[in-house]
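Engineer:
Residue numbers (my numbering): 109 to 345.
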(Lines of atoms letter the chains of each structure in order from A; the text may use other names.)
(Lines give C-alpha, C1' and ligand atoms only; values in the text may rest on other atoms or scores of the structure.)
Protein backbone atom coordinates (compact mmCIF):
# COMPACT_ATOMS: atom_id res chain seq x y z
CA UNK A 109 0.00 0.00 0.00
CA UNK A 110 1.29 3.40 -0.97
CA UNK A 111 0.54 5.46 2.11
CA UNK A 112 2.12 8.52 0.49
CA UNK A 113 -0.61 8.78 -2.14
CA UNK A 114 -3.65 10.94 -1.39
CA UNK A 115 -6.50 8.80 -0.06
CA UNK A 116 -9.52 8.06 -2.22
CA UNK A 117 -11.71 8.35 0.89
CA UNK A 118 -11.04 10.34 4.02
CA UNK A 119 -13.85 10.29 6.55
CA UNK A 120 -13.51 12.06 9.90
CA UNK A 121 -16.11 11.94 12.65
CA UNK A 122 -18.88 10.79 10.32
CA UNK A 123 -22.25 10.50 12.05
CA UNK A 124 -25.86 10.04 11.03
CA UNK A 125 -28.75 9.17 13.33
CA UNK A 126 -32.28 8.25 12.30
CA UNK A 127 -35.28 9.82 14.00
CA UNK A 128 -36.43 6.36 15.10
CA UNK A 129 -32.97 5.54 16.49
CA UNK A 130 -29.93 3.73 15.15
CA UNK A 131 -27.45 4.82 12.54
CA UNK A 132 -23.83 5.84 12.87
CA UNK A 133 -22.32 7.59 15.91
CA UNK A 134 -18.72 8.05 14.76
CA UNK A 135 -16.62 6.76 11.91
CA UNK A 136 -13.06 7.68 10.98
CA UNK A 137 -11.56 5.86 8.03
CA UNK A 138 -9.02 6.23 5.24
CA UNK A 139 -9.20 4.23 2.01
CA UNK A 140 -6.45 4.31 -0.59
CA UNK A 141 -6.30 3.31 -4.23
CA UNK A 142 -5.56 -0.34 -4.94
CA UNK A 143 -6.60 -1.63 -1.53
CA UNK A 144 -9.51 -3.60 -0.09
CA UNK A 145 -11.04 -2.85 3.29
CA UNK A 146 -13.71 -4.74 5.20
CA UNK A 147 -16.19 -3.56 7.82
CA UNK A 148 -17.52 -6.23 10.17
CA UNK A 149 -20.42 -5.84 12.52
CA UNK A 150 -23.73 -7.35 13.60
CA UNK A 151 -27.06 -6.40 12.09
CA UNK A 152 -28.14 -2.95 13.23
CA UNK A 153 -24.60 -1.78 13.97
CA UNK A 154 -24.65 0.92 11.27
CA UNK A 155 -23.01 -0.84 8.30
CA UNK A 156 -25.71 0.08 5.80
CA UNK A 157 -25.68 3.68 7.03
CA UNK A 158 -21.92 3.85 6.55
CA UNK A 159 -22.24 2.56 2.99
CA UNK A 160 -24.99 5.08 2.25
CA UNK A 161 -22.79 7.91 3.52
CA UNK A 162 -19.76 6.80 1.52
CA UNK A 163 -21.96 6.28 -1.52
CA UNK A 164 -23.26 9.86 -1.20
CA UNK A 165 -26.81 8.61 -0.80
CA UNK A 166 -27.01 10.13 2.69
CA UNK A 167 -25.33 13.32 3.90
CA UNK A 168 -23.58 13.14 7.30
CA UNK A 169 -25.16 15.01 10.19
CA UNK A 170 -21.65 15.54 11.58
CA UNK A 171 -18.08 15.09 10.42
CA UNK A 172 -16.48 15.45 7.02
CA UNK A 173 -16.11 13.23 3.98
CA UNK A 174 -13.56 13.82 1.23
CA UNK A 175 -13.58 11.67 -1.91
CA UNK A 176 -10.57 12.02 -4.19
CA UNK A 177 -9.76 15.29 -2.44
CA UNK A 178 -13.24 16.75 -2.89
CA UNK A 179 -15.05 17.97 0.21
CA UNK A 180 -18.43 16.36 -0.40
CA UNK A 181 -20.06 18.56 2.25
CA UNK A 182 -19.47 21.58 0.04
CA UNK A 183 -21.23 20.07 -2.99
CA UNK A 184 -24.73 20.82 -4.20
CA UNK A 185 -27.11 17.83 -4.49
CA UNK A 186 -26.58 17.80 -8.25
CA UNK A 187 -22.79 17.79 -7.86
CA UNK A 188 -23.01 14.99 -5.28
CA UNK A 189 -25.03 12.92 -7.73
CA UNK A 190 -22.52 13.65 -10.49
CA UNK A 191 -19.60 12.60 -8.27
CA UNK A 192 -21.37 9.38 -7.32
CA UNK A 193 -22.18 8.49 -10.92
CA UNK A 194 -18.65 9.32 -12.07
CA UNK A 195 -16.51 7.93 -9.27
CA UNK A 196 -18.43 5.36 -7.17
CA UNK A 197 -19.57 1.84 -8.02
CA UNK A 198 -22.00 0.12 -5.68
CA UNK A 199 -22.78 -3.60 -5.37
CA UNK A 200 -26.16 -3.88 -3.68
CA UNK A 201 -27.06 -6.79 -1.43
CA UNK A 202 -30.08 -7.57 -3.62
CA UNK A 203 -27.83 -7.05 -6.70
CA UNK A 204 -30.47 -5.09 -8.64
CA UNK A 205 -29.75 -6.94 -11.90
CA UNK A 206 -32.29 -6.48 -14.70
CA UNK A 207 -33.81 -9.90 -15.34
CA UNK A 208 -34.82 -9.10 -18.93
CA UNK A 209 -31.19 -8.45 -19.91
CA UNK A 210 -28.27 -10.82 -20.36
CA UNK A 211 -24.95 -10.54 -18.52
CA UNK A 212 -23.10 -8.05 -20.74
CA UNK A 213 -26.22 -5.92 -21.08
CA UNK A 214 -26.51 -5.70 -17.29
CA UNK A 215 -22.91 -4.55 -17.11
CA UNK A 216 -23.41 -2.00 -19.91
CA UNK A 217 -26.53 -0.68 -18.14
CA UNK A 218 -24.19 1.17 -15.75
CA UNK A 219 -23.70 3.71 -18.56
CA UNK A 220 -27.38 4.26 -19.23
CA UNK A 221 -30.06 2.89 -21.57
CA UNK A 222 -28.06 2.84 -24.83
CA UNK A 223 -26.50 -0.53 -24.18
CA UNK A 224 -25.08 -1.25 -27.62
CA UNK A 225 -22.70 1.72 -27.38
CA UNK A 226 -20.94 0.03 -24.47
CA UNK A 227 -21.11 -3.59 -25.63
CA UNK A 228 -17.36 -3.88 -26.31
CA UNK A 229 -16.41 -2.28 -22.97
CA UNK A 230 -18.77 -4.52 -21.01
CA UNK A 231 -17.66 -7.69 -22.76
CA UNK A 232 -13.98 -6.78 -22.37
CA UNK A 233 -14.39 -6.34 -18.62
CA UNK A 234 -16.20 -9.66 -18.32
CA UNK A 235 -13.24 -11.19 -20.12
CA UNK A 236 -10.78 -9.50 -17.77
CA UNK A 237 -12.71 -10.94 -14.81
CA UNK A 238 -12.75 -14.44 -16.32
CA UNK A 239 -16.45 -14.33 -17.20
CA UNK A 240 -16.36 -14.07 -20.99
CA UNK A 241 -18.27 -17.37 -21.24
CA UNK A 242 -21.19 -15.79 -19.35
CA UNK A 243 -21.49 -12.64 -21.48
CA UNK A 244 -24.54 -13.72 -23.50
CA UNK A 245 -26.25 -15.67 -20.70
CA UNK A 246 -29.61 -14.43 -19.38
CA UNK A 247 -29.07 -13.50 -15.74
CA UNK A 248 -32.08 -15.63 -14.80
CA UNK A 249 -30.03 -18.68 -15.82
CA UNK A 250 -26.97 -17.80 -13.75
CA UNK A 251 -26.08 -19.10 -10.30
CA UNK A 252 -26.06 -16.86 -7.25
CA UNK A 253 -22.28 -16.55 -7.37
CA UNK A 254 -22.30 -15.76 -11.09
CA UNK A 255 -24.96 -13.08 -10.63
CA UNK A 256 -22.92 -11.57 -7.82
CA UNK A 257 -19.87 -11.39 -10.07
CA UNK A 258 -21.94 -9.72 -12.80
CA UNK A 259 -23.02 -7.14 -10.21
CA UNK A 260 -19.37 -6.51 -9.34
CA UNK A 261 -18.55 -6.08 -13.03
CA UNK A 262 -21.39 -3.58 -13.43
CA UNK A 263 -20.04 -1.59 -10.46
CA UNK A 264 -16.52 -1.64 -11.92
CA UNK A 265 -17.16 -1.04 -15.62
CA UNK A 266 -16.94 2.78 -15.43
CA UNK A 267 -13.57 2.44 -13.66
CA UNK A 268 -14.72 4.16 -10.46
CA UNK A 269 -12.34 5.41 -7.81
CA UNK A 270 -14.38 3.70 -5.08
CA UNK A 271 -16.27 0.39 -5.09
CA UNK A 272 -18.69 -0.34 -2.24
CA UNK A 273 -20.09 -3.84 -1.73
CA UNK A 274 -22.88 -4.80 0.67
CA UNK A 275 -22.41 -8.38 1.95
CA UNK A 276 -21.01 -9.53 -1.42
CA UNK A 277 -20.48 -13.17 -0.35
CA UNK A 278 -23.67 -13.61 1.68
CA UNK A 279 -25.32 -16.98 1.02
CA UNK A 280 -22.55 -18.22 -1.28
CA UNK A 281 -20.58 -21.44 -0.95
CA UNK A 282 -16.81 -21.08 -0.41
CA UNK A 283 -15.92 -21.55 -4.09
CA UNK A 284 -18.33 -18.88 -5.31
CA UNK A 285 -17.38 -16.58 -2.42
CA UNK A 286 -13.73 -16.88 -3.49
CA UNK A 287 -14.69 -16.01 -7.07
CA UNK A 288 -16.54 -12.89 -5.94
CA UNK A 289 -13.60 -11.84 -3.78
CA UNK A 290 -11.29 -12.37 -6.76
CA UNK A 291 -13.51 -10.05 -8.80
CA UNK A 292 -13.41 -7.40 -6.09
CA UNK A 293 -9.64 -7.81 -5.81
CA UNK A 294 -9.47 -7.20 -9.55
CA UNK A 295 -11.27 -3.90 -8.99
CA UNK A 296 -8.55 -2.93 -6.53
CA UNK A 297 -5.95 -4.10 -9.03
CA UNK A 298 -7.42 -1.65 -11.55
CA UNK A 299 -6.80 1.17 -9.06
CA UNK A 300 -10.04 1.44 -7.09
CA UNK A 301 -10.39 1.59 -3.33
CA UNK A 302 -12.76 -1.26 -2.38
CA UNK A 303 -14.83 -1.35 0.80
CA UNK A 304 -17.11 -4.23 1.66
CA UNK A 305 -19.29 -4.93 4.66
CA UNK A 306 -19.54 -8.50 5.86
CA UNK A 307 -20.53 -10.82 8.68
CA UNK A 308 -17.82 -13.31 7.66
CA UNK A 309 -14.48 -13.05 9.46
CA UNK A 310 -12.77 -15.13 6.77
CA UNK A 311 -13.81 -12.59 4.15
CA UNK A 312 -12.58 -9.70 6.27
CA UNK A 313 -9.25 -11.44 6.87
CA UNK A 314 -8.66 -11.53 3.11
CA UNK A 315 -8.69 -7.72 2.95
CA UNK A 316 -5.86 -5.24 3.43
CA UNK A 317 -7.68 -3.31 6.17
CA UNK A 318 -10.32 -4.34 8.68
CA UNK A 319 -12.76 -2.23 10.62
CA UNK A 320 -15.29 -3.27 13.24
CA UNK A 321 -18.57 -1.43 13.62
CA UNK A 322 -20.32 -1.85 16.96
CA UNK A 323 -23.28 0.17 18.16
CA UNK A 324 -22.60 2.88 15.62
CA UNK A 325 -18.88 3.31 16.37
CA UNK A 326 -16.25 2.30 13.81
CA UNK A 327 -12.91 0.97 15.06
CA UNK A 328 -9.84 0.11 13.00
CA UNK A 329 -8.27 -3.32 13.51
CA UNK A 330 -4.57 -2.49 13.69
CA UNK A 331 -2.04 -3.92 11.25
CA UNK A 332 -0.31 -5.84 14.05
CA UNK A 333 -3.54 -7.70 14.69
CA UNK A 334 -3.86 -8.45 10.99
CA UNK A 335 -0.34 -9.89 10.91
CA UNK A 336 -1.06 -12.03 13.96
CA UNK A 337 -4.21 -13.35 12.30
CA UNK A 338 -2.24 -14.12 9.12
CA UNK A 339 0.43 -15.93 11.13
CA UNK A 340 -2.25 -18.01 12.86
CA UNK A 341 -3.80 -18.96 9.50
CA UNK A 342 -0.41 -20.01 8.15
CA UNK A 343 0.23 -22.18 11.21
CA UNK A 344 -3.20 -23.78 10.92
CA UNK A 345 -2.82 -24.23 7.17
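Ideal placement from N, C-alpha and C gives every residue a C-beta, glycine not left out.
Can you tell which of 247, 290, 315 and 201 has its C-alpha closest to the C-alpha of residue 237?
Structural biologist: Translated into positions along the chain shown, residue 237 becomes position 129. Taking only the C-alpha atoms, the option nearest residue 237 is 290.
Engineer: From residue 213 to residue 311, what distance separates their C-alpha atoms?
Structural biologist: Taking the chain shown and counting its residues from 1, one reaches residue 213 at position 105. Taking the chain shown and counting its residues from 1, one reaches residue 311 at position 203. When rounded, the distance between both Cα atoms is 29 Å.
Engineer: Buried or exposed: where does residue 322 fall if 16 or more other Cβ atoms within 10 Å of its Cβ makes it buried?
Structural biologist: The residue labelled residue 322 in the question sits at position 214 within the chain shown. So residue 322 counts as exposed.
Engineer: Note the first and the last residue of the continuous alpha helix (DSSP H) segment covering residue 148.
Structural biologist: By one-based count along the chain shown, residue 148 stands at place 40. Taken as a continuous stretch (DSSP letters only), residue 148 belongs to no alpha helix (DSSP H), being part of the beta strand (DSSP E) at 144-148.
Engineer: What is the residue span of the beta strand (DSSP E) that residue 121 lies within?
Structural biologist: Indexing the chain shown from 1 puts residue 121 at position 13. Per DSSP, residue 121 belongs to the beta strand (DSSP E) from 117-125.
Engineer: Just to confirm my understanding: we take residue 152, look at its own chain, exclude 5 residues before and 5 after, and list those with CB closer than 7 Å. What are they?
Structural biologist: By 1-based counting over the chain shown, the position of residue 152 is 44. Same-chain partners within the cutoff: 130.
Engineer: Which residues in the same chain have their Cβ closer than 7 Å to the Cβ of residue 54, if we skip the five residues on either side of it in sequence?
Structural biologist: No statement about residue 54 is possible, as the shown extent of the chain runs from 109 to 345 and does not include it.
Engineer: Give me the Cα-Cα distance between residue 172 and residue 243, rounded to the nearest whole angstrom.
Structural biologist: On the chain shown, residue 172 is found 64 positions in, with the first residue counted as 1. On the chain shown, residue 243 is found 135 positions in, with the first residue counted as 1. So the two alpha carbons sit approximately 40 Å from each other.
Engineer: Which term fits residue 274, buried or exposed, when burial requires 16 or more other beta carbons within 10 angstroms of its beta carbon?
Structural biologist: Here residue 274 refers to the residue found at position 166 of the chain shown. So residue 274 counts as buried.
Engineer: For residue 198, which residues of its own chain have a beta-carbon under 7 Å away from its beta-carbon, when the five flanking residues on both sides are left out?
Structural biologist: Sequence index remark: in the chain shown, residue 198 carries index 90 (1-based). Same-chain partners within the cutoff: 163, 263 and 272.
Engineer: Following the continuous beta strand (DSSP E) through residue 132, name the residue where it begins and the one where it ends.
Structural biologist: Against the chain shown, residue 132 aligns to sequence position 24. Start and end: 131-139.
Engineer: Do three or more CB pairs link the segment 299-314 to the segment 143-151 at distances below 8 Å?
Structural biologist: Yes, since at least three Cβ pairs between the segment 299-314 and the segment 143-151 fall closer than 8 Å, the two stretches touch.
Engineer: Out of curiosity, what's the CA-to-CA distance linking residue 176 and residue 191?
Structural biologist: Along the chain shown, one-based indexing puts residue 176 at 68. Along the chain shown, one-based indexing puts residue 191 at 83. So the two alpha carbons sit approximately 10 Å from each other.
Engineer: Nearest by alpha-carbon distance to residue 253: which of 284, 245, 226 and 165 is it?
Structural biologist: Residue numbering aside, residue 253 sits at position 145 when the chain shown is read from its first letter. Here the closest residue by C-alpha is 284.
Engineer: Apart from the five residues on each side of it in sequence, which residues of its chain come closer than 6 Å, Cβ to Cβ, to residue 327?
Structural biologist: What you label residue 327 is simply residue 219 of the chain shown in a count that begins at 1. Within the same chain, residue 327 has close Cβ partners 320.
Engineer: Can the beta-carbon of residue 123 be found less than 8 Å from the beta-carbon of residue 133?
Structural biologist: Position 15 of the chain shown, counting from 1, holds the residue named residue 123. Position 25 of the chain shown, counting from 1, holds the residue named residue 133. Yes, these two residues count as a Cβ contact at 8 Å.
Engineer: Using alpha carbons as the reference points, say which of 316, 282, 281 and 280 lies closest to residue 293.
Structural biologist: Position 185 of the chain shown holds residue 293. Checking every option, the nearest Cα to that of residue 293 belongs to 316.
Engineer: Given that a residue counts as buried once 16 or more other Cβ atoms are within 10 Å of its Cβ, and exposed if not, what is residue 318?
Structural biologist: Here residue 318 refers to the residue found at position 210 of the chain shown. Residue 318 is buried by the Cβ-count criterion.
Engineer: With a threshold of 8 Å on Cβ separation, who are the neighbours of residue 156 within its own chain once the five nearest residues in sequence on each side are excluded?
Structural biologist: Here the question's residue 156 lines up with position 48 in the chain shown. Excluding sequence neighbours, residue 156 sits near 274 and 305.
Engineer: Identify whether residue 233 lies in helix, strand or coil by the three-state DSSP scheme.
Structural biologist: Your numbering for residue 233 matches position 125 in the chain shown. It is helical.
Engineer: In whole angstroms, what is the alpha-carbon distance linking residue 115 and residue 209?
Structural biologist: Here residue 115 refers to the residue found at position 7 of the chain shown. Here residue 209 refers to the residue found at position 101 of the chain shown. About 36 Å.
Engineer: State the DSSP-derived secondary structure class of residue 222, mapped to helix, strand or coil.
Structural biologist: For the purposes of this step, residue 222 is identified with residue 114 of the chain shown, where counting begins at 1. It is coil, neither helix nor strand.
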